[in-house]
Each structure stands twice: as structure tokens, then as C-alpha cells.
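Asker: Protein chains in written order, with our numbering: chain A, 1 to 350; chain B, 1 to 357. Ideal Cβ placement from N, Cα and C applies to all residues, glycine included. Note that the structure is a prediction, hence the values are computed from the model and not measured.
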């Protein structure tokens, strides 16, 4: 298939009907995944701290370090959470902060070693803002930070902190966070070291179509160069309890129509990404089911625990059984996978 | 298949039952949605309606035990409640103070073993006298049948009295699925499909507009759904009394029919097929309470033109685990509609335009 250029993608996002986008995305998804399998990973989000210096306006999770709800996870608690994850059939943890200024690289190395010495579990951890901060704090290069973390047990890196890779938007909603170039640079270095990462995009705040295409174009370009992205995960800004909503009360949560348009366009445009995930946490399980016919082939993770989106007032929670059944009802074969999208097991009909 | 159906739809020709079933079986949800949207636009342009309304359920005490219902209770059972007329008046007053006005009140209830027909008439008269500007949409055909049996009046007489007391429209509930075999499985004590249609016919003849519903997604087949739609289409040909059709997506929690997790693709298909098949009913409602706000929004591009309304506090679907909020604000409704590329139109009970938002 001929590659779509950014101008064409922009035109499609602005002008194509939802039906055209859906049909085309479904065609591409079928071609890449003709076997009709929809995968997911069983994992838990563990947020080792909520203390954060970035104070992004779209985030309702962070606390200043003197706040009564501020925390850094204890070893005991971390171990308990991992043990529970393994008991529930989990294969990985998503380990993410806060960018906590008091935690140096030794904290991270100790935490990773502690996990790896005690548990057999995949650690999908940190994100470019945390890596970038550590490099500055410790006066190390990005590559050095990544190498040290990897040696200590870090297996792969989630695509968080990307939000929208448009500095125009970042300047307004997350001025203290890494800029687009730094985010991409961390991912490039990780890929060059042989680490896999995912890519995300949070949209539906003050971004427009141009910003979305800029984001998709940047990650597509990097993927051409490294091939290190396993999946792309677009999700929508949740305005509850955020400073951004206070400053811009006119922002309403993006609905399913906008979400599905962006999801479908992503599948069509990101021709070098093998996997696209639905975001049931922000859109609910019904729209996630529809998303499987708008380009997505993966249900993300079961998220036995999730804190960040919940802090913004979203309460979509589903059980493993519901995820399996939702996939099946939508006409697909549910399968548990690992972080590299290898299938671990199928599920028998109830 | 779509070529033939598209040709018929563009010529304004009626779909056969076989074509309706074929549409349900299609994998091509995109073309299905596009066609349904085309028909919806032909009837309602790009308008998507909502109403400032409130749902009131005077009691959950009910002599029937429908298997799909998680709302009903016996008298004295934990959770059973009865509202007095004063309770209802004060609920309406609270809402009016909060949001300024209410265009419509939607009243449906359990079949209370002790309440007399006169009590319901007094309830309606009292609401009408206290709030003359609120349109009263009240009592499903199932309740009308119950009132008539309790009072010994004919359906015609029962409805005439209610109309005189202040009822302007009947809601479409209680239709479930007309097919008698399915009906016996899910709600054996409830009036038959025939009886439901008969009562609606009398209402229409008396000049009372009504809605129509269909409860789907439990044990029925696509054939049963098309049969149901077909019966509604026939009656509408005869009376023209249906304002809107509302497919109700079955909510399986806390009920006696356990089914696998619901399929959102089926929800969209049901909306779209309803729009295409019911060529004589002007409005198709995406009931956000049962679909959730997000899927209801998407339904506006699959043939629906109405999102119900503000509702304030929904009880029946929420008893069965509906994951939506209990009420929704006008700015939220308007945003959902606009994002779908439609024009948010606040309507009155008869689909006259009150305001374009």
C-alpha cells in the first residue's frame, strides 16, 4: 500500500467521514492481523510515587512533596502488589512515578534489583520524563541512565509522558515536562540499546488536528529509523480534577466519535506499527469493543490497579472475565500476551 | 446486498423482513451506519434532539416479576418504596429550582397491589395543577391495562380519564419483545404483545401520542426483533400515533437472565436497522441511560436523532447495573451532539423545537 503523507493524513482526519475512516482502518487491521485474535496483557499499574515536579495541568494524580497524600512506595507494599499480580496470572508490572526530585538513580536501581531478585516478572517501567530527569540529576547521558536501569532489571519502557508531541500544546499544558524532541530522544536511545517501548498519545484537551498529525508523524519517523515501538495507544484527556479544566472550563471530555476517528486514522497512518490498542480505561468497554472495528487489535492491559486516570474521576473498571467476554462478543478470539505480543494462552468458551 | 437495499431506501421503498434480518447479519457496520444516517438526515436534517425532563418512579412495588427486572420489590421487602403525591411534587419542585424549568415529566411505576386508579388520577391532577407548563408523559400500556382491570373500566375509558386528568403522552415501555414464546420466558405475568399493541391503538385513536420500545439483547433472535419492528410498523401505518422508537439494551446485572457481556456492535446495529426498517416512525432514540453517553453519541451517526434528556435521577436501568450516570446536564448533551457533527436541539414532548443550543 502506498504510504500516506502528513498532508493527506490531516485532510483525512479533518474531512473523511467516520464510516470511511472505520472501513479503511478495519481493512488495514485485517491485513495485519488476519487471524482475528485480540490480545491483552495481565498486569498492574504500580505508581511508586505521586510526588512530581512537573505539575502538568492535565494531571490529577501528582502531589507536592509536603502534601498529606504524598507518598513513596515501601518495599513491603511493592512486594505485596507484585505477589498479588503474579497470583492473578499477571506477567508484568507497569512501574511509573511521579518525577520525584528526591529519588536518585540509586533508588531506581535498588527498586529494580529488589524486584528481579524476588520475582519473575517483566518490568515495563518509567517513561521519558523520568529518564530525562535522572540524566540531568545524575549528570549522566540518557544512554548511561538507560543502560544502568536495564542492567538493574528494566525490561521495557512504556510510552507515557508523550501526551501530544507538539511543543505548542506542551508549552501550555505541561511547561515543565520534557519537550517533544527529548521524549523522542529517550525512545531512540532505548531502541538503539535494544529495548522495546510503546508510544502513547493523549488528545482531546487543547490540541487540534495539526497537533495530532505532528505527533503521529514524529513517531512514525522514529519507528522507520529504529523499529523499536511495539504498539501505539491513543487515549483521551480526562478533565476531572485538573488545573487545565479549571483554566479552560469549556473543555469537555472527548466523546467516542472523536476518539474513534483518531483511533482509525492512527491505524491507517502508522503503517509501521504492528499493534494499536484501545483505551477502555478512558472510553469504557463498549467503545473499546467498537474500537476493535476501528483499527485496534489489542485491549491493552487488565490493569488490576490503575491510579492516574482514576484521580481524574473516571471510574471504568472491568474484570478479566469481562475483557475476555467483551472481545469474544465483538467477534474476536481473546488471548493473553506478553509485553512483546507473544501469545501466552487462549481462553475456552465459558 | 447493500446495493439493492440502498436503491430501495433512496427510492423510499419499504424493506422486507428478510432484508431487515440480512442487515442485522452484516459485518459491514460502516455502510449500515452510513445508510441509517442518510435516512435520519432525510427525516430530521442534522438535528439531534434532547429534552429537559425528569423521570419519576412512584413505587417499585410490583405484582409482576419479570425476569429481566432488577427494580421490582414486594410490599414490605427491603428496598421497597412508595412515594406520596407530596413527595412527587417536592421532587419536581427541587428540580425546577435547580435548573429553572422542566419541559416533561416521565412517570412509570410498578403495578402496586393496593393503590387505586383514583390515586394515580389524583397524582396526575395534582402535578398538572401545581405545574401546568410541564407535559406529563405517564404510564406504560402495562399500567393502563392494570388500571382498567382494577377499576372495571374499558381501556378507552381509562385513557380518557387519564387524559382529562393531564396525561398528554404515553411512554413506550412494557413492549419488551412481542413474540409470545420469548415473552413467556422473560415476563410470563406481563400483558401479551397483542394487548400492548391494542392499548396503543386505543390511545392513538383518542389522540394520545405514544412512544414504542423493544427490549433486546437477552434471549431473542434477530427474527424476533424484526417481527417486533414489523408489528410496530403495521400499527403506525394504521394510526400514525408513535412519536419515537426506543430500542432498550438489556442490562444483565441483578436480574434473572444471565447473558454474556453485551455487544456494543449489536447496539449500533439495532439502532441502524430500526431506523431503516421503521420508515414511518419519525424519531429513533438512543437512550443514553442504557447505552452510556459515549455509545449513545455514536448512535447519532447510526440512525438515532434523539438522546432522551436530562432525566435527573434514573432508577430502573440503574437497578440492573447500567454503567451510566443518573442524570446529565444540558452542556454535556449539547457537547456530545456537536462532536458527532449534529445540531443540538432542545425539544418539547412533541418534538417541536424549543431552542437550538
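(1) From residue 347 of chain A to residue 290 of chain A, what distance separates their C-alpha atoms?
(2) Give me the chain B residues within the contact set of residue 22 of chain A, using Cβ-Cβ distance strictly less than 7 Å, ordered along the chain.
(3) Under the rule that 16 or more other beta-carbon atoms within 10 Å means buried, what is residue 45 of chain B, buried or exposed?
(4) Assuming the contact rule is C-beta atoms closer than 8 Å, residue 155 of chain B and residue 144 of chain B should be a hit. Round their C-beta distance to whole Å, please.
(5) If you compare alpha carbons, which of A:83, A:44, A:99, A:276 is closest to residue 64 of chain A?
(6) Taking Cβ to Cβ, would you say residue 229 of chain A is nearer than 8 Å to residue 219 of chain A?
(7) Less than 8 Å between CB atoms is the rule here; does residue 256 of chain A satisfy it with respect to chain B?
(8) Put residue 355 of chain B into one of helix, strand or coil per three-state DSSP.
(9) Any contact of the region 54–72 of chain B with the region 306–323 of chain B, i.e. 3+ C-beta pairs under 8 Å?
(10) Between which residues of its own chain and residue 8 of chain B is the CB-CB distance below 7 Å, once the five residues before and five after are set aside?
(11) Hey, how far is the Cα of residue 242 of chain A from the Cα of residue 57 of chain A?
(12) What's the C-alpha gap between residue 199 of chain B and residue 19 of chain B?
(13) Along chain B, in chain order, which residues have C-beta atoms closer than 7 Å to that of residue 18 of chain A?
(14) Assuming residue 40 of chain A contacts residue 299 of chain A under a Cβ cut-off of 8 Å, what Cβ separation, rounded to an integer in Å, is found between them?
(15) Please list, in chain order, the chain B residues whose beta carbon lies closer than 9 Å to that of residue 276 of chain A.
(16) Under 8 Å between C-beta atoms, does residue 330 of chain A make it to chain B?
(17) For residue 1 of chain B, name the three-state secondary structure that DSSP assigns.
(18) Is residue 256 of chain B near the ligand FAD, going by C-beta to nearest heavy atom under 7 Å?
(19) With burial defined as no fewer than 16 other Cβ atoms inside 10 Å of the residue's Cβ, what is the status of residue 177 of chain A: buried or exposed?
(20) Between which two residues does the beta strand (DSSP E) carrying residue 211 of chain B extend?
(21) Let me know the secondary structure DSSP gives residue 133 of chain A once reduced to three states.
(22) Hey, quick one: how far does the beta strand (DSSP E) through residue 94 of chain A stretch, first residue to last?
(23) Go to residue 35 of chain B, then tell me how far its alpha helix (DSSP H) extends in each direction, as first and last residue.
(24) So which of B:243, B:271, B:256 has the shortest CA-CA distance to residue 351 of chain B?
(25) What did DSSP end up calling residue 199 of chain A once you bin it into helix, strand or coil?
(26) For residue 231 of chain A and residue 26 of chain B, I'd like the C-alpha separation in whole angstroms.
(27) For residue 88 of chain A, go through chain B and note every residue whose CB falls closer than 9 Å to its CB, in chain order.
(28) For residue 185 of chain B, tell me which candidate among B:257, B:142, B:241, B:263 has the shortest Cα-Cα distance.
(29) List the residues that DSSP assigns as beta-bridge partners of residue 202 of chain B.
(30) To be precise: take each residue of the region 325–342 of chain B, compare its Cβ to all Cβ atoms of chain A, and keep it if any distance is under 8 Å. Which residues remain?
(31) In terms of alpha-carbon separation, which member of A:267, A:208, A:11, A:221 lies closest to residue 26 of chain A?
(32) Exposed or buried, residue 201 of chain A, counting other C-beta atoms within 10 Å across all chains shown (16 or more means buried)?
(33) Does DSSP put residue 348 of chain A in a helix, in a strand, or in coil?
(34) State the beta-bridge partners of residue 41 of chain A as determined by DSSP.
(35) Contact check, residue 107 of chain B vs residue 138 of chain B under 8 Å by CB: the rounded distance?
(36) Roughly how many angstroms separate the alpha carbons of residue 230 of chain B and residue 278 of chain B, rounded to a whole number?
Answerer: Short version:
(1) 21 Å
(2) Per Cβ cutoff of 7 Å: 30.
(3) exposed
(4) 6 Å
(5) A:99
(6) yes
(7) yes
(8) strand
(9) yes
(10) 15
(11) C-alpha separation (whole angstroms): 6 Å.
(12) 29 Å
(13) 301
(14) 4 Å
(15) What residue 276 of chain A touches in chain B: nothing, since even the nearest Cβ is about 18 Å away.
(16) yes
(17) coil
(18) Questions concerning the ligand FAD fall outside what the structure shown contains, since it holds no ligand whatsoever.
(19) buried
(20) 209–216
(21) helix
(22) 92–96
(23) 29–44
(24) B:243
(25) Looking at residue 199 of chain A - three-state DSSP - the assignment turns out to be strand.
(26) CA-CA distance, residue 231 of chain A to residue 26 of chain B, rounds to 30 Å.
(27) Going along chain B, no residue has its Cβ under 9 Å from residue 88 of chain A, so there is no contact; the nearest lies around 19 Å.
(28) B:257
(29) Note: residue 202 of chain B sits in no beta bridge, so no partner.
(30) Residues are counted here when their Cβ sits less than 8 Å from a Cβ of chain A; for the region 325–342 of chain B these are 331, 332, 335, 336, 339, 340, 341, given in chain order.
(31) Of the residues A:267, A:208, A:11, A:221, the one whose Cα lies closest to the Cα of residue 26 of chain A is A:267.
(32) buried
(33) In this structure, DSSP gives residue 348 of chain A a state outside helix and strand, which the three-state scheme calls coil.
(34) A:301
(35) 4 Å
(36) 8 Å
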